[in-house]
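Enquirer: One structure follows; several queries about it will come next.
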Amino acid sequence: MKRRARTLLRRLSWRRRLGTIGAFLALAAIGGFVYAWAGLAPISARSGHWSATAWFLHFAMRQGVETRAAVSVAKPEDVDVADPALALRGAPHFAGGCAPCHGAPGQARSAIARAMTPQPPRLESRIPDWSDEELFWIVQNGIKFSAMPAWPAEHREDEVWSMVAFLRRLPGMTPAEWSRLAGLEEAAPAPVREAALAPGGPEAPGGGTRLRRLVDPPIGEILAESCVRCHGADGLGRGEGAFPKLAGQKEAYLHASLRAYARDARQSGFMRPVAVGLTDAQMRGLAEYYAGLPAGPAGAPVSDAGARALGERVATIGVPERGVPACASCHGPETSPWYPLISGQDERYLALQLEAWRDGDRGGTVFAQVMRMAAERLTDAEIAAVSAWYAAQGAPMRR
Ligand code: HEC
Ligand code: HEC
Ligand code: HEC
C-alpha cells in the first residue's frame, strides 16, 4: 500500500516537472513570437552577426553539409576532378556567377557582396576544408539564409562536377592562370574589331550586312563580354572539349537552342543565365554570327577498328533491331534547318548530350522529342563509338 503511494507520488512529481518544462517552453515560444511580432528581431545586414550567432550559423552549415553530402552525394566513376577540361569548363562561369561575391585570384569581391550578412568568404583558403562531395553539395544546393545560390539547373550534375574541378584548382592559382582559364583574355572577334574601326568596312565572312548586324543590335559587345569566354571568338570551343563548337552550325538550330535555354526547355546552369538576358533580335544576330564562321578541322581518327566500324554502322544504318534510325538520315547539311550538324563536333560533348537524353535530362527545341527516342535505345558502347566517329568526320560543307 505504502509502496504504491510512493510510486504514485514519484510519478506525479515527474508529471509536475514535465509540466513545468512544457509551460516554460510554451512561454519562450510565445515570447519569441511577440518579439518578432513587435518587430524587435535584429534584421539589419549592416550590423553583421554577433560572434556567437556567426559561430553557430557556420557550425550548423558545416554539420548540415557534411551530413547531407555523406548521405546523398556519390561521385560518378567517370568524374576525375583533376581533369583540366573539367576545370576549364567551370572557370568562365565562376567569373560571371561566383567571383562577384567570392572574388578570384587578383580580383576583389564586389562592394555589394561585402555589404552582405553573412559576407561571402574568399574561397581560396576554404576549399581545402571540404571534400569533393561536400563542395558538390554546396554548389548544387546553395545555402539557405545566406546569399549562396543553388545551381541554376537542377539536373545538370555534370556541370556541378566541373565547378568542383575548378574549385579544387583555385587555391594557389595565379592571377595569370585565372585569367587564361576564365577566358578573360579571349580577344573580341576579328570582324567585331574591324566593324568598330570601320563600320561596313573590310569584308568579314558574310559581307557588309553582317558587319552592320554586329554593331546594331550590339552583338559585338555581347560576344566579347560573354560568348567568347567559353566558345571562343572562332566558335571552336577553346580546344580541350570543354565547350561545344558553334562555328558553321545551322543558324536556325543555334537560334532555337538559345531560346530553349532561356525558356529552360533545355537545362544548363552555364547557358541559362546567359540566354535569359538576350532579346530575340540579339539571339538571331548571335546565331547568324556563329553560323557564318568557318567550321573547324575534323577530330582525331578513331584508332580502334571495331569501334570505328560500330560508329559508322550506327551513323549510316542505325540499329534496326532496336528501332534506331540512321543518324545520318537527320544529321546532315541537306536535312531540316533545325536538325544540327554533328560532324566534327567535339566527342565528349556529343556523348554527354546522348547520355543526358538517355537519362531524361536533355530537353531542347520542339524537335528534340525525335532525338530522345533515338538516344534512349543506344547502349554505352554505341554512344561512345558513334560520338567518336562523328567527331572524326570533317565538317560538311553547307550552302
Ligand atoms: C550572391 C553572392 C554569392 C554568389 C553569387 C555565390 N556565393 Fe558562394 N557563398 C555565398 C555566401 C554568403 C556564403 C557563406 C554561407 C555561410 O557561411 O553560411 C557562400 C559560401 C560558399 C562556399 C562555402 C565556403 C565556406 O567554407 O564557408 C562555397 C564553396 C561557395 N560559396 C561556392 C560558390 C560558387 C562555386 C559559386 C558560383 C557558382 C558561388 N559560391 C556563388 C555567397 C555567394
Ligand atoms: C560560361 C560559359 C558559357 C558562356 C558565357 C556561353 N556559353 Fe554557350 N554553352 C556553354 C556550354 C557549357 C554549352 C553546352 C551546354 C549543354 O550541355 O547543353 C553551351 C551551349 C551553347 C549552345 C548550344 C550548342 C549546341 O550544339 O546545341 C549555343 C547555341 C550557345 N551555347 C550559344 C552561346 C552564345 C550565343 C553565347 C553568348 C551570348 C554563349 N553561348 C555563352 C557555355 C557557355
Ligand atoms: C529523326 C531525326 C533524328 C535522328 C534519326 C537522330 N537525330 Fe540527333 N537530333 C535530332 C534533332 C532534331 C536534334 C536537336 C534537338 C534539340 O536540341 O532540339 C538532334 C540533336 C542531336 C545531338 C545534340 C547536338 C548538339 O549540338 O547539341 C546529338 C549528339 C545527336 N542528335 C546525335 C544523334 C545520333 C548519334 C543519332 C543516331 C543514333 C541521332 N542523333 C539520330 C534529330 C535526329
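Using this note's numbering, the first residue of the sequence shown is number 729, and each one after it goes up by one.
Glycine included, C-beta positions come from ideal geometry on N, C-alpha and C.
These numbers were taken from a predicted model, which means no experiment stands behind them.
#1: Note down the Cα distance separating S954 from C826, rounded to an integer number of angstroms.
#2: Can you tell which of R1012, T902, D1074 has the C-alpha that lies nearest to the C-alpha of A1026?
#3: Give, in chain order, every unbroken run of the alpha helix (DSSP H) that is at least 4 residues long and sits entirely within the stretch 839–899.
#4: Would the beta-carbon of C1058 be found less than 6 Å away from any heavy atom of ligand 2?
#5: Tell me the rounded alpha-carbon separation between I950 and V888.
#6: Leaving out five residues before and five after P880 in sequence, what residues of the same chain have Cβ atoms less than 7 Å from its Cβ?
#7: Could you name the residues of the same chain whose beta carbon sits closer than 6 Å to that of C1055, not counting the 5 residues immediately before and after it, in chain order?
#8: Less than 6 Å separating the Cβ of L1078 from some heavy atom of ligand 3?
#9: What does the Cβ neighbour count give for A990, buried or exposed, with the cut at 16 atoms within 10 Å?
#10: Is Q1010 helix, strand or coil when you go by DSSP?
#11: Please work out which residues of its chain come closer than 8 Å, Cβ to Cβ, to R745, disregarding the five sequence neighbours upstream and downstream, and give them in chain order.
#12: In whole angstroms, what is the alpha-carbon distance linking M1099 and R1050?
#13: Once you ignore the five residues that flank A819 on each side, which residues in its own chain have a CB closer than 6 Å to its CB?
#14: For Q835, which of helix, strand or coil comes out of DSSP?
#15: Quick check: the stretch 1010–1017 against the stretch 1083–1098, are there 3 or more CB pairs under 8 Å?
#16: Could you tell me the alpha carbon to alpha carbon distance between P899 and A836, rounded to whole angstroms?
#17: Is F1095 near ligand 3 - that is, is its Cβ less than 6 Å away from at least one heavy atom of it?
#18: Taking its Cβ as the centre, do 16 or more other Cβ atoms sit within 10 Å of E914, making it buried, or is it exposed?
#19: From which residue to which residue does the alpha helix (DSSP H) around D1108 run?
#20: For G965, which residues from the same chain have a beta carbon less than 7 Å from its beta carbon, with the 5 sequence-adjacent residues on both sides left out?
#21: Check whether the Cβ of R854 lies closer than 6 Å to any heavy atom of ligand 1, and answer yes or no.
#22: Near A773, which residues of its chain fall below 8 Å by C-beta distance, leaving aside the five closest residues on each side in sequence?
#23: Less than 7 Å between the beta carbons of Y1118 and L1078, yes or no?
#24: In chain order, what residues of the same chain have a beta carbon less than 7 Å from the beta carbon of G1039, not counting five sequence neighbours either side?
#25: On the three-state DSSP scale, how would you describe V1047?
#26: Taking DSSP as the reference, what is the three-state secondary structure of V1094?
#27: With a threshold of 6 Å on Cβ separation, who are the neighbours of G934 within its own chain once the five nearest residues in sequence on each side are excluded?
#28: Which word fits M1101, buried or exposed, when buried means at least 16 other C-beta atoms lie within 10 angstroms of its C-beta?
#29: Work out the CA separation of H830 and P849 for me, nearest whole Å.
#30: DSSP state of V956, grouped into three classes?
#31: From the DSSP output, which residues share a beta bridge with V1052?
#32: Measure the alpha-carbon distance for R738 versus A754 and round it to whole angstroms.
Expert: Considering the structure as presented:
#1: Position 226 of the sequence shown, counted from the start, is the residue given in the question as residue 954. Position 98 of the sequence shown, counted from the start, is the residue given in the question as residue 826. CA-CA distance, S954 to C826, rounds to 15 Å.
#2: Position 298 of the sequence shown holds residue 1026. Selected option, being the one with the closest Cα: D1074.
#3: Counting whole runs of 4 or more residues, the stretch 839–899 contains the alpha helix (DSSP H) stretches 839–842, 860–869, 885–897.
#4: On the sequence shown, position 330 is the one that residue 1058 refers to. No; taking the cut-off as 6 Å, the Cβ of C1058 has no heavy atom of ligand 2 nearer than that.
#5: The count along the sequence shown starts at 1 and reaches residue 950 at position 222. The count along the sequence shown starts at 1 and reaches residue 888 at position 160. Straight-line Cα distance between these residues: approximately 25 Å.
#6: For the purposes of this step, residue 880 is taken as the residue at position 152 of the sequence shown. If we look at P880 and ignore the five residues flanking it on each side, its Cβ neighbours are G997, R1000, P1001.
#7: As a working note, residue 1055 is residue 327 in the sequence shown. Scanning its chain for C-beta atoms nearer than 6 Å, with the 5 sequence neighbours on each side dropped, one finds around C1055 the residues A1043, in chain order.
#8: Position 350 of the sequence shown holds residue 1078. For ligand 3, at least one heavy atom lies less than 6 Å from the Cβ of L1078.
#9: As a working note, residue 990 is residue 262 in the sequence shown. It is buried - the Cβ of A990 has at least 16 other Cβ atoms within 10 Å.
#10: In the sequence shown, counting from the first residue as 1, residue 1010 sits at position 282. Reduced to three states, the DSSP call for Q1010 is helix.
#11: Position 17 of the sequence shown holds residue 745. Taking C-beta separations shorter than 8 Å and ignoring five residues to either side along the sequence, R745 has no partners in its chain.
#12: Along the sequence shown, one-based indexing puts residue 1099 at 371. Along the sequence shown, one-based indexing puts residue 1050 at 322. Taking the straight line joining both Cα atoms gives about 14 Å.
#13: On the sequence shown, residue 819 is found 91 positions in, with the first residue counted as 1. Short of 6 Å from the beta carbon of A819, and not among the five residues preceding or following it, lie these beta carbons of its own chain, in chain order: F894, L909, A910.
#14: Working through the sequence shown from its first residue, we reach residue 835 at position 107. If DSSP states are grouped into helix, strand and coil, Q835 belongs with the strands.
#15: No: the two stretches stay apart, fewer than three of their Cβ pairs being nearer than 8 Å.
#16: Locating residue 899 in the sequence shown gives position 171, where the first residue counts as 1. Locating residue 836 in the sequence shown gives position 108, where the first residue counts as 1. Take the alpha-carbon of P899 and the one of A836: they are about 15 Å apart.
#17: For the purposes of this step, residue 1095 is taken as residue 367 along the sequence shown, with counting starting at 1. At least one heavy atom of ligand 3 is found less than 6 Å from the C-beta of F1095.
#18: Position 186 of the sequence shown, counted from the first residue, corresponds to residue 914. Looking at its Cβ environment, which holds 16 or more other Cβ atoms inside 10 Å, E914 is buried.
#19: Your numbering for residue 1108 matches position 380 in the sequence shown. Note, D1108: alpha helix (DSSP H), 1108–1120.
#20: The residue you call residue 965 lines up with position 237 of the sequence shown. Within the same chain, Cβ atoms closer than 7 Å to the Cβ of G965 are found at H959, F971, P972, K973, D1074, the five residues on either side in sequence being excluded.
#21: For this step, residue 854 is matched to residue 126 along the sequence shown. The nearest non-hydrogen atom of ligand 1 is less than 6 Å from the C-beta of R854.
#22: Here residue 773 is taken as the residue at index 45 of the sequence shown, counted from 1. The answer, listed in chain order, is A843, M844, T845.
#23: Residue 1118 sits at position 390 when you count from the first residue of the sequence shown. Residue 1078 sits at position 350 when you count from the first residue of the sequence shown. Contact: yes.
#24: For the purposes of this step, residue 1039 is taken as residue 311 along the sequence shown, with counting starting at 1. Excluding positions up to five away in sequence, the list reads V1030, A1113, V1114, A1116, W1117.
#25: Looking up residue 1047 in the sequence shown gives position 319. Looking at V1047 - three-state DSSP - the assignment turns out to be strand.
#26: Here residue 1094 refers to the residue found at position 366 when the sequence shown is read from its first residue. When DSSP states are grouped into helix, strand and coil, V1094 belongs to the coil group.
#27: The residue you call residue 934 lines up with position 206 of the sequence shown. Reliability of the predicted coordinates at G934 is poor, the pLDDT of 45 falling under 50, and no value is obtained from them.
#28: The residue you call residue 1101 lines up with position 373 of the sequence shown. Its Cβ having fewer than 16 others within 10 Å, M1101 is exposed.
#29: In the sequence shown, the residue the question calls residue 849 occupies position 121. In the sequence shown, the residue the question calls residue 830 occupies position 102. Approximately 6 Å between the Cα atoms of the pair.
#30: Along the sequence shown, one-based indexing puts residue 956 at 228. In the structure shown, V956 sits in a helix (DSSP, three-state: H, G or I).
#31: Counting from one through the sequence shown, the residue named residue 1052 turns up at place 324. Beta-bridge pairing links V1052 to V1047.
#32: Here residue 738 is taken as the residue at index 10 of the sequence shown, counted from 1. Here residue 754 is taken as the residue at index 26 of the sequence shown, counted from 1. For R738 and A754, the distance between alpha carbons rounds to 24 Å.
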